[in-house]
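Read through the structure below, which is laid out as structure tokens, and then see the notes.
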Amino acid sequence: MKSGLIDRWVSEPVRRLKAYHVADASGMVKLDAMENPYTWPAPLVGEWFERLRHVAINRYPSPGAEELKTELRRYAGMAEDAPVLLGNGSDELIQVIAMAVNGPGRTILAPEPTFVMYRMIAEVLGFRFVGVPLRAGDFALDVEATIRAIAEHQPAVVFLACPNNPTGNLFDRPAVERILAAAPGLVVIDEAYFPFAGETWLHDLYRHENVVVMQTLSKAGLAGLRVGMLFGPAEWLEEFDKVRLPYNINVLSQASASFILKHADLLREQTTQICADREALYERLRELPGTEVWPSRANFLLFRAGKGARAVFEGLKEQGVLIKLLDGGHPLLRDCLRVTVGTPGENDRFIAALRRVLGSA
Ligand SMILES: *Cc1c(COP(=O)(O)O)cnc(C)c1O
Numbered sequence: 038m039k040s041g042l043i044d045r046w047v048s049e050p051v052r053r054l055k056a057y058h059v060a061d062a063s064g065m066v067k068l069d070a071m072e073n074p075y076t077w078p079a080p081l082v083g084e085w086f087e088r089l090r091h092v093a094i095n096r097y098p099s100p101g102a103e104e105l106k107t108e109l110r111r112y113a114g115m116a117e118d119a120p121v122l123l124g125n126g127s128d129e130l131i132q133v134i135a136m137a138v139n140g141p142g143r144t145i146l147a148p149e150p151t152f153v154m155y156r157m158i159a160e161v162l163g164f165r166f167v168g169v170p171l172r173a174g175d176f177a178l179d180v181e182a183t184i185r186a187i188a189e190h191q192p193a194v195v196f197l198a199c200p201n202n203p204t205g206n207l208f209d210r211p212a213v214e215r216i217l218a219a220a221p222g223l224v225v226i227d228e229a230y231f232p233f234a235g236e237t238w239l240h241d242l243y244r245h246e247n248v249v250v251m252q253t254l255s256k257a258g259l260a261g262l263r264v265g266m267l268f269g270p271a272e273w274l275e276e277f278d279k280v281r282l283p284y285n286i287n288v289l290s291q292a293s294a295s296f297i298l299k300h301a302d303l304l305r306e307q308t309t310q311i312c313a314d315r316e317a318l319y320e321r322l323r324e325l326p327g328t329e330v331w332p333s334r335a336n337f338l339l340f341r342a343g344k345g346a347r348a349v350f351e352g353l354k355e356q357g358v359l360i361k362l363l364d365g366g367h368p369l370l371r372d373c374l375r376v377t378v379g380t381p382g383e384n385d386r387f388i389a390a391l392r393r394v395l396g397s398a
């Protein structure tokens with residue numbers, strides 16, 4: 038724009054940013070975004086449609102989403118009166134938390150490589166973002182370096198993804214405990230992959246005044262609904278609730294999530310299947326010459342290809358298989374790629390395509 042309006046008015050952090058890129062996946066085997074590949078049995082879909090028939094889309098959603106909250110507490114194994122805040126996906130909760138603690142000169146800290154939204158949201162809002170490198174090799178927390186960085190930067194928020202994305206590992210509990218004790222501000226434990234890891238900090242919540250736990254229905258099989266939840270001390274959640282837009286969970290999402298959570302066993306069966314298939318896929322990747330693959334507690338695997346990662350990514354794409362290229366995102370992810378565990382058939386197609394790309398078919 039010639040007038041210079043953009044340079045004058047759009048904030049510098051936003052201008053410097055690259056928009057979050059979502060690859061076009063039409064017609065592809067889609068293994069790039071940690072989605073659950075399974076649908077529901079036809080009778081259940083029928084019941085769901087019947088439920089949606091009665092949804093009043095001319096009305097604003099229930100602002101408190103009380104029915105959904107009740108189902109979510111039960112699903113998460115929390116007490117009936119446990120404070121919970123809902124977000125349009127946990128992405129929105131990250132944004133709400135950051136907005137609530139924002140202020141001049143403030144810092145957000147996270148180990149890296151990790152979920153890119155922490156850095157992106159921090160930078161858009163004008164925070165300083167400090168990324169503390171994970172240990173090379175096993176991507177464990179570097180506790181000493183993290184505690185030093187916390188002492189130096191006094192972060193308003195520390196984000197810990199447990200399990201971590203894109204590395205797939207679950208941080209050691211004692212290591213996390215030490216970070217909770219060292220943090221002067223809030224620590225958000227992001228359990229987006231709880232359905233696969235089965236380990237949670239939810240039951241340790243109120244031992245710490247500065248800890249909240251975030252989960253989501255996305256990876257369990259409802260990515261399209263955009264429902265994230267935050268558990269923690271009422272005092273924190275009451276402040277965050279002021280920042281949340283009043284109708285952030287739409288009527289269709291509220292009704293659909295409330296419905297399917299009454300059939301949560303189906304989601305659990307699907308995640309159990311995905312975990313078993315993850316182990317099989319891990320073994321097949323391990324057998325490929327020149328390929329390094331890391332163990333995972335989530336529904337994806339991180340691997341380093343024996344050939345340039347970009348060539349592998351493009352080669353797979355030409356064969357109709359979309360995964361995630363991570364090379365270039367962080368020095369520890371050199372030549373790395375991330376593949377979501379799909380159906381057994383999709384996993385077969387991925388492995389066959391990868392073998393052809395690597396010349397070992
Ligand atoms: C996928 C992911 C999220 C985002 O989940 P939504 O609820 O779909 O917004 C949050 N944190 C981590 C670590 C993730 O990998």
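Here my numbering is used: the first residue of the sequence shown is 38, the next is one more, and so on. Glycine included, each C-beta is placed from N, C-alpha and C at the ideal position.
TODO: Jot down the residue ranges of each uninterrupted beta strand (DSSP E) in the stretch 346 to 377, minimum 3 residues, whole runs only, in chain order.
DONE: 373 to 377
Open item on the list: Can you look up threonine 253 in the DSSP assignment and give me helix, strand or coil?
Closed with: strand
Task: Within 7 angstroms, strictly: CB atoms of phenylalanine 166 and isoleucine 184 - done: For the 7 angstroms CB-CB criterion, phenylalanine 166 and isoleucine 184 do not form a contact.
TODO: Taking 5 angstroms as the limit, tell me which residues put their C-beta closer than that to any heavy atom of ligand 1, in chain order.
DONE: Gly126, Ser127, Asp128, Phe152, Ala198, Asn202, Asp227, Ala229, Thr253, Ser255 and Gly265
TODO: Answer yes or no: do leucine 339 and glycine 205 have a C-beta to C-beta separation smaller than 7 angstroms?
DONE: yes
TODO: Using alpha carbons as the reference points, say which of Thr309, Thr308 and Gly343 lies closest to leucine 322.
DONE: Gly343
- [ ] Please list the segments of the beta strand (DSSP E) lying wholly inside the stretch 91 to 155, counting only runs of 3 or more residues, in order along the chain.
- [x] 121 to 124 and 144 to 149
- [ ] Flag this pair as yes or no: are the beta carbons of serine 333 and methionine 251 separated by less than 7 angstroms?
- [x] no
- [ ] Check the DSSP bridge columns for methionine 266 and list the partner residues they point to.
- [x] Leu123 and Gln252
Open item on the list: I need the boundaries of the alpha helix (DSSP H) containing leucine 217, first residue and last residue.
Closed with: 210 to 219
Task: Residues bridged to aspartate 227 (per DSSP) - done: Ala198 and Met251
Task: Nonlocal neighbours in the same chain, by C-beta distance under 6 angstroms from asparagine 285, ignoring five residues either side - done: Asn125
Open item on the list: In whole angstroms, give me the CA-to-CA distance for alanine 186 and asparagine 95.
Closed with: 50 angstroms
Task: In chain order, each beta strand (DSSP E) run of at least 3 residues that lies wholly inside the stretch 254 to 320 - done: You should have 265 to 268.
Open item on the list: Applying the 10 Å Cβ sphere with the 16-neighbour rule, what's the burial state of proline 98?
Closed with: buried
- [ ] Give me the Cα-Cα distance between proline 232 and aspartate 302, rounded to the nearest whole angstrom.
- [x] 12 angstroms
Task: proline 270 versus Val378, Val264 and Glu246, residue with shortest Cα-Cα distance - done: Glu246
Open item on the list: Classify tyrosine 230: buried if its beta carbon has 16 or more other beta carbons within 10 angstroms, exposed otherwise.
Closed with: buried
- [ ] If I'm right that leucine 197 touches phenylalanine 208 with Cβ under 8 angstroms, what's the distance once you round it to whole angstroms?
- [x] 6 angstroms
TODO: Using only alpha-carbon positions, find the residue among Ser290, Thr151 and Arg53 that is nearest to leucine 363.
DONE: Thr151
Open item on the list: Measuring only from the beta carbon, is glutamate 129 closer than 6 angstroms to any heavy atom that is part of ligand 3?
Closed with: By its list of ligands, the structure shown excludes ligand 3, since it contains just ligand 1.
Open item on the list: Whether or not the stretch 210 to 220 and the stretch 171 to 181 are in contact is what I'm after, with contact meaning three or more pairs of Cβ atoms, one per stretch, closer than 8 angstroms; do they touch?
Closed with: Between the stretch 171 to 181 and the stretch 210 to 220, the count of C-beta pairs closer than 8 angstroms reaches three or more; the two stretches touch.
TODO: Any chance you could list the alpha helix (DSSP H) runs of at least 4 consecutive residues sitting entirely within the stretch 51 to 96, in chain order?
DONE: 79 to 90
Task: For leucine 239, the nearest candidate out of Leu259, Met266, Ala219 and Ala257 (CA to CA) - done: The shortest CA-to-CA distance from leucine 239 to any of Leu259, Met266, Ala219 and Ala257 is the one to Met266.
Open item on the list: Suppose you measure from the CA of proline 368 to the CA of glutamate 149; what does that come to, to the nearest Å?
Closed with: 10 angstroms
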